[in-house]
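Please read the structure below before turning to the comments.
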Amino acid sequence: GNKIRNAKLVLLGDVGTGKSSLVLRFVKGQFVEFQESTIGAAFFSQTLAVNDETVKFEIWDTAGQERYHSLAPMYYRGAAAAIVVYDITNAASFTKAKKWVQELQAQGNPNTIMALAGNKADLLEARQVTADEAKAYAQENGLFFMETSAKTAINVNDVFYEIAKKLLQG
Ligand code: GDP
Ligand code: MG
């Protein structure tokens, strides 16, 4: 009881998928329509209580642009958890998410808890990636999967809460 567990967490995924928006929603409970592009990476921290324990997430929100790709290992190496984000309205971003998962599997730490987040779940009419397809992919690759919306807040805290629970179990 009453322990604080520090956990480095990284968000990876294509530019524009909503990584910064998910962090802003989780950390500040806010959403902005015109979120500025991240340059390099941004750092945030937020605590989450699970039963009588506390996880302090040290969050690295990466840019997602290809020109910053070489920096990514600095953020995912030693990470306790990674959230790979795609945009459900953008099939190319799902392809890119799978590439991130492959890179994490090849270069990352095998103990890193991996989550796949299909973001912008509020934009159902523009959907290009089905939940079934993403769920099947996640199951095959040992990730847990949720569709999220930084805009409506659906499943955002839940992703972090699920990660915190897994961290405390491990
Ligand atoms: P990042 O490049 O992955 O950090 O993406 P951003 O967080 O900068 O978001 C890119 C754009 O998508 C911004 O205009 C956001 O307002 C928008 N956005 C992010 N999350 C959502 C969401 O869940 N729903 C909708 N409709 N728009 C979102
Ligand atoms: Mg960003």
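Counting from 34, one number per residue, gives the positions in the sequence shown under this note's numbering. Glycine included, C-beta positions come from ideal geometry on N, C-alpha and C.
Same chain, Cβ closer than 8 Å to Phe76, five either side skipped, listed in chain order: Glu91, Ile92, Trp93, Asp94
Under the three-state reduction of DSSP, which class applies to Ile187: helix, strand or coil? In the structure shown, Ile187 sits in coil (DSSP, three-state: anything other than H, G, I, E or B).
Less than 8 Å between the C-beta atoms of Lys129 and Asp191, yes or no? no
Would you tell me roughly how many angstroms separate the C-alpha atoms of Leu137 and Tyr109, rounded to the nearest one? 8 Å
Taking its Cβ as the centre, do 16 or more other Cβ atoms sit within 10 Å of Glu107, making it buried, or is it exposed? Sequence check: residue 107 is Met here, not Glu. Exposed: under 16 other Cβ atoms inside 10 Å.
From Lys52 to Asn35, what does the alpha carbon distance come to, in whole angstroms? 30 Å
Cβ of Thr71 versus every heavy atom of ligand 2: is any distance shorter than 7 Å? yes
Neighbourhood of Ala5 by C-beta, 7 Å cutoff - its chain only, sequence neighbours within 5 removed: There is simply no residue 5 to check, as the chain begins at 34 and stops at 203 in what is shown.
In the structure shown, what three-state DSSP assignment does Thr128 receive? helix
CA-to-CA distance, Gln98 to Val60, given in whole angstroms: 23 Å
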